[in-house]
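A.B. asks:
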Amino acid sequence: MARLLLFAILAYVLWRLLWSAAKSMFEGMGYQPPGKNSTSVGLVRDPICGTFVLPSSALTSGSGANTRYFCSEKCREDYGHSRNTGRSRNTEETR
Ligand SMILES: [Zn+2]
7 MARLLLFAIL
17 AYVLWRLLWS
27 AAKSMFEGMG
37 YQPPGKNSTS
47 VGLVRDPICG
57 TFVLPSSALT
67 SGSGANTRYF
77 CSEKCREDYG
87 HSRNTGRSRN
97 TEETR
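Position in the sequence shown (first residue = 1) + 6 = the numbering used here.
1. With a CB to CB cut of under 6 Å and the five nearest residues on each side skipped, what residues in its chain are close to C77?
2. Please state whether DSSP places L23 in a helix, a strand or coil.
3. When the Cα atoms are used, what is the spatial distance from L11 to F32?
4. Taking the DSSP output, what are the residues bridged to R51?
5. Around the Cβ of C55, are there at least 16 other Cβ atoms within 10 angstroms (buried) or fewer (exposed)?
Structure (structure tokens):
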């Protein structure tokens, strides 16, 4: 019984050792294991011109879940305009 337990522990340690070695090998080859944070390289879409931009280098508007990313200052201005004019036009047309 004690030998069986020892064997189980040994097998577990060996498995952990093999697994960590395999993981470091995969990471060395540029492989990212699933479940690891992969949102760090996610691209976001500019809602005005449709260009995909990096969130870290893009211009933003809004905050939290309403954050929008833009490729240039012009796109950000256009986004603000389209939101404002769209709202005021709707209220005017209901006359
Ligand atoms: Zn743009």
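The beta-carbon is built from N, C-alpha and C at its ideal position, and this holds for glycine as well.
C.D. replies: If we stick to the structure as given:
1. The beta carbon of C77 is closer than 6 Å to those of D52, T57 and V59 in its chain, skipping five residues each way along the sequence.
2. helix
3. 31 Å
4. F58
5. exposed
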